[in-house]
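To keep things clear, I will list the structure first and then write my remarks on it.
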Amino acid sequence: MKLKLSAALVAGAFAGLAATSAQAGVLQASFKVFAAEIFGGASVTLTSPVASYNLSRPLSGTSLNPNNFTLTLALAGGTWVTAPNAQLCDTGCANPINGTLTGISTDGTTATYAFSVANGVTYPVNSTITFGNVTSGTVNNLNTTLSAPMNNACSPQQAQTNVTITMTNASGVEFDTNDPGAIKTATYFASNVALRADGTSSSAFTAPETSLIDVFQPSFSKLFTNPTDITNSTARINIGSVNLADRGSFFDANGSNFYSLGTGGAAPFGTGIVGLVDAANLTLTITGALENNGTNLGILALFRNTACTTPITATPTISYNATRDTTTIVYPTTNANAADFGFSGAVGSTAGQMYVCYIVSGNSIIPPTQFTLTGTQLTKTTGSNEINDPVCNSPLYNLRANGVQVDVRNWIHPAQATATGWTSVVRIINPSDTQTITVNGQTIDSNGTLGATGTIVTLPPRAAKYFTSAQLAALLTTGTLPAADGNNARLRLTANGPSLRVQNYVFNAANANFIEASSAQGDNGYSVPASSQNIDLPTANNK
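Under the working numbering, think of the first position of the sequence shown as 1, with each following residue one higher.
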């Protein structure tokens with residue numbers, strides 16, 4: 001009985017109804033993708049797109065037998081500020097009928113329209129009910145849904161809010177939109193992260209950085225090697241770029257301008273300018289151990305060119321932690337210009353970069369390190385309702401040495417050998433089966449001062465050789481040996497091969513006491529580029 005009654009009610013909604021078409025109705029909308037960054041507050045209001053529903057059944061009615069029905073347009077995410085107009089059109093819209101907005105629900109999510117077909121015209125299958133073709137609606141409170149891509153801005157996924165249409169006849173029974181296969185929900189607004197901030201290692205540049213810590217004479221890890229690379233300097237290297245780019249063509253709130261870093265030659269940031277990013281500063285955190293020995297301090301600086309010769313225009317604030325292995329750079333966008341980043345291209349494809357360069361004093365040890373851009377963000381102007389863009393973690397230059405290095409930490413200074421009767425006998429071993437290596441040496445005083453240097457020996461594959469403290473001192477002819485300050489002086493050995501082994505025997509000729517003391521020395525983990533890491537810790541069992 002209920003099924004028959006429902007069928008009668010549905011049939012009563014139509015006058016001169018033709019046979020039901022097998023084609024289901026389809027709702028679609030000409031939605032736009034907005035920048036997720038703009039949805040920092042509920043007050044952002046967007047203009048609704050034009051949406052249309054293609055009927056799967058014909059509609060008709062006369063003045064004597066009008067066809068009255070109700071239509072609702074419900075938002076899933078966001079609320080109506082104003083509802084769009086609704087209009088029924090046949091082919092060519094020769095006989096338009098306007099719907100009457102009867103109200104918006106108390107929660108603001110649903111607009112309701114009343115229609116009456118009484119003009120004797122049959123609106124065939126695929127006639128359309130269109131929303132916003134004359135008067136658009138406006139929607140706000142979209143921030144929760146459309147800001148979601150910013151929750152994982154370095155690997156964003158598009159978010160969307162939907163709209164659903166429902167048609168009910170005069171008896172309150174849904175029709176057309178309830179047909180099997182009907183598509184009555186459509187994307188109404190979408191969003192995605194518009195900007196990307198990250199880094200690129202200088203080793204990945206078209207002309208890559210190749211300089212290394214020079215552990216051979218004359219620098220002994222105080223300077224960089226100086227090959228023909230992008231920096232071509234012994235006192236500075238390019239560790240990579242900080243990149244800013246538009247990820248895509250995503251709209252600002254007006255739906256006409258892209259939210260963008262600007263066009264070629266224009267400033268990359270703007271305050272209160274539609275379509276330009278409102279930014280207060282760009283804050284960067286870079287990890288990686290810098291030269292840190294008293295007043296001999298390595299620094300990081302920003303440059304406009306890869307050769308690290310043209311400083312940026314703006315004056316950033318650069319600070320270091322106590323151990324000088326974390327650097328914080330605050331770049332003020334208030335006095336930024338496009339030249340700092342080298343911006344070029346059209347809106348929607350803008351990309352630019354600044355270069356981070358490492359500058360050393362040339363007076364103390366440069367530690368090997370992996371530089372990494374670990375954050376933090378492009379901070380937006382207070383009150384702009386724009387969400388901060390994170391700086392995505394990115395590896396920068398992997399700074400290594402041009403050989404292996406071993407410190408003989410309990411080496412006995414020649415002067416102490418004379419005074420105490422104890423001396424060191426150092427055995428240097430080339431463990432390679434294929435490569436001849438040259439071993440260099442340098443003394444290090446107890447206060448960290450680098451002393452005399454010199455070439456110790458060239459060893460063919462598998463070769464080894466013994467040296468007393470006096471013999472080693474005689475070979476260290478460049479510079480001055482450290483003062484005799486007990487056993488605190490150390491001996492640093494370097495080699496241009498993939499591995500180096502060292503043993504230190506402490507011997508007293510007067511009483512014939514003998515100690516194998518290699519376990520108290522260590523390897524700094526340097527490795528020759530483009531070789532597998534084959535660093536051997538010196539032990540008493542090295543042969």
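The C-beta atom is built at its ideal place from N, Cα and C for all residues, glycine as well.
Here the structure is a predicted model, which is why all the values come from computation and not from measurement.
With distances taken between CB atoms, is the gap from residue i to residue j smaller than 8 Å?
i: A197; j: N151; result: no
i: T327; j: L300; result: yes
i: I359; j: V506; result: no
i: V391; j: L284; result: yes
i: T166; j: Y188; result: no
i: K547; j: I366; result: Any answer about residue 547 is impossible in this case: the structure gives the chain only from 1 up to 543.
i: F131; j: L73; result: yes
i: A194; j: Y259; result: yes
i: N363; j: N296; result: yes
i: G108; j: T79; result: yes
i: T381; j: A280; result: yes
i: E386; j: D278; result: yes
i: N168; j: F69; result: Per the sequence presented here, residue 168 reads as Thr, with Asn not at that position. Cβ atoms of T168 and F69: closer than 8 Å.
i: N24; j: A182; result: The amino acid at residue 24 is misidentified as Asn; the sequence shows Ala. Yes. Within cutoff.
i: S30; j: V44; result: no
Which class does residue i belong to by DSSP, given the choice of helix, strand or coil?
i: A29; result: strand
i: D214; result: coil
i: Q503; result: strand
i: I38; result: helix
i: P395; result: strand
i: Q416; result: helix
i: G92; result: helix
i: T458; result: strand
i: L481; result: coil
i: P390; result: strand
i: S152; result: It should be noted that the sequence gives Asn, not Ser, for residue 152. DSSP places N152 in helix when its eight states are reduced to three.
i: L146; result: helix
i: S469; result: helix
i: L450; result: strand
i: L475; result: helix
i: S201; result: strand
i: F220; result: coil
i: T234; result: coil
Please name the residue or residues paired with residue i in a DSSP beta bridge.
i: S191; result: F34, A159
i: W422; result: N508
i: Q116; result: Before going on, a small fix: residue 116 reads as Ser here, not Gln. Paired residues: N68.
i: R490; result: I444
i: Q87; result: N98, T130
i: Q435; result: The partner list for Q435 (beta bridge, DSSP) is empty, contrary to what the question assumes.
i: R409; result: Answer is none; R409 lacks a bridge partner.
i: S52; result: Q28, T130
i: G103; result: T112
i: F514; result: F507
i: N169; result: F69
So is residue i in contact with chain C if we call contact Cβ pairs under 8 Å?
i: M150; result: Reference to chain C is not applicable here, since this structure consists of a single protein chain.
* To do: Go through the segment 306-381 residue by residue and report every complete run of the beta strand (DSSP E) that reaches 3 residues or more, in order.
  => 317-320, 326-332, 351-359, 369-380
* To do: Would you list, in sequence order, the uninterrupted beta strand (DSSP E) runs of no fewer than 3 residues that lie entirely inside the segment 238-309?
  => 279-287, 299-303
* Are the segment 484-503 and the segment 421-432 touching by the rule of at least three beta carbon pairs closer than 8 Å? -> Taking 8 Å as the limit for Cβ pairs, the verdict is that the segment 421-432 does touch the segment 484-503.
* Decide if the segment 396-404 is in contact with the segment 208-222; the criterion is three or more beta carbon pairs, one per stretch, under 8 Å apart. => Yes: at least three Cβ pairs fall under 8 Å.
* Is the segment 53-67 in contact with the segment 110-127, if contact means three or more CB pairs nearer than 8 Å? -> yes
* Per the contact definition of three or more C-beta pairs closer than 8 Å, is the segment 474-483 in contact with the segment 435-453? -> yes
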